[in-house]
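Below is one structure, written out as structure tokens, with a few remarks after it.
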Amino acid sequence: MSPDKLAYMANQIGTFFQSQKGEDAVASIADHITKFWDPRMRRDFLAHLDVITLIPAVRQAAERLRGR
Amino acid sequence: MTLIKEIDYGTQAQSATKLVTLEVDGHAVTVPEGTSIMRASMEAGIKIPKLCATDTLNSFGSCRMCLVEIEGRNGTPASCTTPVAPGMKVHTSSDNVRRLRRGVMELYISDHPLDCLTCSANGNCELQDTAGEVGLRQVRYGQEGANHLDAPTDGSNPYFDFDASKCIVCSRCVRACEEVQGTFALTVEGRGFASKIAAGMNEPFLTSECVSCGACVQACPTATLMEKSVVELGQPEHSEVTTCAYCGVGCSFKAEMRGDQVVRMVPWKDGKANHGHSCVKGRFAWGYASHPDRILKPMIRAKISDPWQEVSWEEAIAHTASEFKRIQAKAGKESIGVITSSRCTNEETYLVQKLARAAFGNNNTDTCARVCHSPTGYGLGKTFGTSAGTQNFDSVEKADVIMVIGANPTDGHPVFASRMKKRLREGAKLIVIDPRQIDLVRTPHVEAAFHLPLRPGTNVAVMTSLAHVIVTENLIDEDFVRTRCELDAFSDWAAFVAEERNSPESLEKTTGVPAALVRGAARLYATGGNGAIYYGLGVTEHSQGSTTVMSIANLAMATGNIGREGVGVNPLRGQNNVQGSCDMGSFPHELPGYRHVSGPEVRAIYEKEWGVKLLDEPGLRIPNMFDAAIDGTFLGLYVQGEDILQSDPDTHHVSKGLAAMECVVVHDLFLNETANYAHVFLPGSTFLEKDGTFTNAERRINMVRRVMAPKAGKADWETTMAISNAMGYPMNYTHPREIMAEIARTTPSFAGVTYERLAKESIQWPCNDANPDGSPIMHIEKFQRGLGHFVITEYVPTDEKVGPRFPLLLTTGRILSQYNVGAQTRRTANVVWHAEDVLEINPQDAEDRGIRDSDWVRLASRVGDTTLRAVITERVAPGVVYTTFHHPVTQANVITTDYSDWATNCPEYKVTAVQVSPSNGASQWQEQYQELSAKSRRIEAVPAK
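Chains as they are written, first to last, in my numbering: chain A, 1 to 68; chain B, 69 to 1013.
Here it is as structure tokens:
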């Protein structure tokens, strides 16, 4: 899947969760992507972390997902 | 089998708790205070003759047929307008009243055609019955005097005739149009002998304001207003109660039959969702079921450029299974999937998702709710704990303030809209939040207290500014928040909305809504008594759809408008079984009952029931399926009852995805647009041809009953079963009741649901040990998740922005006479009201572009273009244009983009930057598509043997 499209979707998710107080935004972003994205979407997303533009919280979440 | 005939008590039931006992013809009867003598008598088993009275309407007292005598009172009062009193002694059949009734009946019959034997109402005519009841034996006046026997018939409406020569001017039709439907299209014109029923400004029904709901036809006691189908086919001889297959209101109907032919669909008075009312679609637009376009034989083809070849069911199913197995062997288990349908039954939907999970071995199941109410699932799940509306429809009768957001109920959910309008006529206040001036904003005897005509895409900003007013002006229901909600989350939310940047004044430039309107609406909602919110796809189909749903839930919790009658948060579901298809585990991340696939305890339930190991990872959502197809990792799809090519956004992208697949199986009534890209076509069955259940927008599970055999030989659940068996995973249900039993066994919210119970009455889930009688209202003492959860709703503008190339915003929707992609309604006479999609454009924008009314215009966005006719109207604000998506010739979704909701991928149908310009014909895309469509629909003749 298009890495840019996946990055766009991830940044949308990140924008929401980083506005939430009392919540670990990075954990929530990682959790949302895990719960709603098909594994191949996550694989494509994580495979292109070096070439896509992500907001900081999403990048941290992505790194956390890659580390699992 | 018999013809179901509900008892007509003549006047409406009363709800008073105080009871009154009286005597009718020597029989004691006890009824609630306020009950009419007519109804009390009927409850005692004594029918008083009547003509102008019927129990769906207010008492009128005009026909003078129901006169009675009351001991100790003078005269002969009308029993329909006289309330009972304690100890009253009523005589319904004294010599005096019998003489009076006969005299009145003589006058009626002196001006009525005596053609009973050839009349379409013969055998089902209240005038005929009443003449018999009063013992009419002669008409002394003859019929030679002045009369109305030559009055013309208005046959303009495609579904019913108005034969004025048979009219007795009882006003039942006029009152039904006012009281039940709320359209006020009919009137009694003239006085005395010149009185006659007139539609609109004394014009044909078709061109009047009449919305063809059928309430007048149902109320008519003679053959004056009569269904054309009855005129043609004769009176029905048996009937079955079933559920409409159109919108999410889920109206109950009697399918009235003659043999295996539907004569008419009549709304069932005992239907809990519709209470005997209907709309033009459910009442009349069922002819698609026998339309010649229906495909009744399975077909296959090797390539989508080939003509179709008719084959046997066995060959089609074997071919499907063989292709799916081949693809999985080549590209992996996750390379195929399914799309379930909100038009099919719960049982069918359950089987399709089971097919994916158990037979295909993956979670690639999604449903058309993806593109409509998936944000409702996410948003209400987060805030309240479950994905469902909180109320029953009856609740609106207790609402004091009704807020309608991004919904157009008079077009999309007309039967519920009629009830809403009735409550508004009784004095409830209305707030409409919508870019368009929908009918509810100003309609006969209804006017919105506030219309917030927001700029498309700014829902979250408006909702947050409403919350700002409620918080900063101390309009919070503190008791409710303290006892029912998470306080930390509330405090964070309250601090957020109270920020000055979220005030109506600060957001006015963004939303386009004057701050004073926002402040007035917020104060009214928070302080006006019971506040009820109803919303539609104008809320969900945005890049912040889920956020808006959560902002609505925040507002309801903050004002304590949850957990009792008259309040609540109510998503108006688009299709008949959106709620059910979601409940049944159609989403790729959830098993039935909204339980995530990652939960080992939930998977264990189904692994035990289904005897297979289940995946713990979510599958592909519909938009992701197209992306994966283009990538080459998703190559096979079984689509039941949905036309994804026409209904999903960015048609070019969808068609590219479908074209990339190696086996697309379309299971439908017609060769729809998706079938242009299909390799297998499996003929579907209509709602008249199968048993099952639909769940409506109020979580009401209603029976769907088979009234005729499946025309293609299989009900849809049987077809799914056949595919599964051919794939090697056995399914051996003999009736949908066995499927429901499995659903109840495995899904806690359905634990108490059985066909035996449903046969007696509908049930609203959750229905289980905790709620044995079902749940008309949810979250009464606590939320499904325990404490209500407030969510911060930061406004994030959509990236779909207007600019010099595309300066207007397109928003899309539907209209009364058509339904979804029009596959059904386009194949009925409903096309007389909407033969083509048109573009609504404001006079200023039209003037700027040199566009006149009815001109062909080119509508273009960054992803595509199409042409259609313009309608110049102030219903849309300057800068906004609007169209429907009912016709494939136009295909509005060629224009819409792939932007989607952040949480669910629900497409942003409601905001597309476009340009409109004069045009002189079809676009290049339209011409190419028409060619493809014609080529794709070729069916190869089977050589004679």
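For glycine and all other residues, C-beta sits at the position ideal for the given N, C-alpha and C.
Exposure of residue i, with buried meaning 16 or more beta-carbon neighbours within 10 Å
| i | result |
| --- | --- |
| B/Lys869 | exposed |
| B/Leu185 | exposed |
| A/Val51 | exposed |
| B/Ala1002 | exposed |
| B/Lys828 | exposed |
| B/Leu364 | exposed |
| B/Met269 | exposed |
| B/Ile75 | exposed |
| B/Arg438 | buried |
| B/Gln647 | buried |
| B/Leu419 | buried |
| B/Pro359 | One point to set straight first is that residue 359 of chain B is His, not Pro, in the sequence displayed. Label assigned to B/His359: exposed. |
Simplified DSSP assignment, three categories, for residue i
| i | result |
| --- | --- |
| B/Asn770 | strand |
| B/Cys315 | strand |
| B/Glu91 | strand |
| B/Ile395 | helix |
| B/Met67 | The displayed coordinates of chain B run from 69 to 1013. Any statement about residue 67 of chain B would go beyond what the structure contains. |
| B/Ser307 | strand |
| B/Pro181 | coil |
| B/Arg825 | helix |
| B/His721 | helix |
| B/Asn342 | coil |
| B/Thr797 | The residue you asked about is not Thr; residue 797 of chain B is Tyr in the sequence shown. B/Tyr797 falls in the coil class under three-state DSSP. |
| B/Met618 | helix |
| B/Ala600 | strand |
| B/Ala427 | helix |
| B/Leu682 | coil |
| B/Met333 | strand |
| A/Arg59 | helix |
Contact test: residue i Cβ vs the ligand SAM heavy atom, cutoff 8 Å
| i | result |
| --- | --- |
| B/Asn570 | The model depicted lacks the ligand SAM and carries no ligand whatsoever. |
Contact belief for residue i with residue j at Cβ below 8 Å, rounded distance in angstroms
| i | j | result |
| --- | --- | --- |
| B/Val165 | B/Val207 | With a Cβ gap of about 20 Å, B/Val165 and B/Val207 do not count as contacting. |
| B/Lys724 | B/Ile698 | 6 Å |
| B/Phe352 | B/Tyr227 | 4 Å |
| B/Thr627 | B/Gly599 | 6 Å |
| B/Thr124 | B/Gly78 | So it is not a contact: roughly 10 Å between Cβ atoms. |
| B/Leu71 | B/His306 | 5 Å |
| B/Val202 | B/Val152 | Their Cβ separation, rounded to whole angstroms, is 23 Å, which puts B/Val202 and B/Val152 out of contact at 8 Å. |
| B/Ala424 | B/Gly405 | 6 Å |
| B/His847 | B/Phe452 | 6 Å |
| B/His519 | A/Lys35 | Actually they do not touch by this definition, with Cβ atoms about 39 Å apart. |
Contact list for residue i against chain B, beta-carbon separation under 7 Å
| i | result |
| --- | --- |
| A/Ile29 | Those within 7 Å of A/Ile29 in chain B number zero; the least Cβ separation is about 11 Å. |
| A/Phe45 | The premise fails here: A/Phe45 is roughly 12 Å from chain B at the closest Cβ pair, so nothing lies under 7 Å. |
| A/Ile33 | Within 7 Å Cβ-Cβ: nothing; A/Ile33 doesn't reach chain B, min ~10 Å. |
Partner residues on chain A for residue i, Cβ-Cβ distance less than 9 Å
| i | result |
| --- | --- |
| B/Ala777 | Those do not exist, as B/Ala777 stays about 40 Å from chain A at its closest Cβ, beyond 9 Å. |
| B/Val864 | Gln12, Thr15, Phe16 and Ser19 |
| B/Asn692 | Met1, Trp37, Asp38, Arg40 and Met41 |
Interface residues of chain B facing residue i [CB-CB closer than 9 Å]
| i | result |
| --- | --- |
| A/Ile55 | Under the 9 Å cutoff, chain B gives no residues; its nearest Cβ is about 12 Å from A/Ile55. |
| A/Ile13 | Trp970 and Ala971 |
Interface partners of residue i on chain A, CB under 8 Å
| i | result |
| --- | --- |
| B/Gly1082 | Outside the displayed span of chain B (69 to 1013) sits residue 1082 of chain B, for which this structure offers no information. |
| B/Thr615 | Phe16 |
Residue i: contacting residues in chain B (beta-carbon distance under 8 Å)
| i | result |
| --- | --- |
| A/Gly22 | Asp556, Ala557 and Asp560 |
Chain A residues whose Cβ lies nearer than 7 Å to that of residue i
| i | result |
| --- | --- |
| B/Ala696 | Met1 and Arg40 |
| B/Ile395 | Per Cβ cutoff of 7 Å: no residues; B/Ile395 is ~15 Å from chain A at best. |
| B/Ile860 | Ser19, Gln20 and Lys21 |
| Those runs of the beta strand (DSSP E) which lie wholly inside the region 137-166 of chain B and span at least 3 residues | Unbroken beta strand (DSSP E) runs of no fewer than 3 residues, entirely contained in the region 137-166 of chain B, are found at 157-159, following chain order.
| said: Suppose only complete runs of 4+ residues qualify. What are the alpha helix (DSSP H) ranges in the region 878-955 of chain B, listed by chain order? | reply: Correct list: 911-916.
| request: Only counting runs of 4 or more residues, tell me where the alpha helix (DSSP H) segments fall wholly within the region 436-513 of chain B, in order along the chain. | output: Within the region 436-513 of chain B, the complete alpha helix (DSSP H) segments at least 4 residues long are 442-451, 477-480 and 482-493, listed from N- to C-terminus.
| query | Enumerated in chain order, which unbroken segments of the beta strand (DSSP E) with a length of 3 residues or greater are wholly contained in the region 357-421 of chain B? | reply | Within the region 357-421 of chain B, the complete beta strand (DSSP E) runs of at least 3 residues are 404-408.
| field | Any alpha helix (DSSP H) of 4 or more consecutive residues that is wholly inside the region 505-587 of chain B | value | Listed in chain order, the complete alpha helix (DSSP H) runs (minimum 4 residues) inside the region 505-587 of chain B are 527-540, 546-552, 555-566 and 572-579.
| query | Enumerated in chain order, which unbroken segments of the beta strand (DSSP E) with a length of 3 residues or greater are wholly contained in the region 684-722 of chain B? | reply | Inside the region 684-722 of chain B, DSSP marks whole beta strand (DSSP E) runs of 3 or more residues at positions 704-708, from first to last along the chain.
| message | If we require 3 or more residues per run, which beta strand (DSSP E) segments fall completely within the region 277-307 of chain B? | response | The qualifying runs are 293-295.
| request: Please specify which runs of the beta strand (DSSP E), each continuous and at least 3 residues long, are wholly inside the region 200-277 of chain B, giving them in chain order. | output: 228-231, 254-257 and 264-267, all fully within the region 200-277 of chain B.
| said: For a minimum of 3 consecutive residues, which ranges assigned as the beta strand (DSSP E) are wholly contained in the region 93-137 of chain B? | reply: 95-100, all fully within the region 93-137 of chain B.
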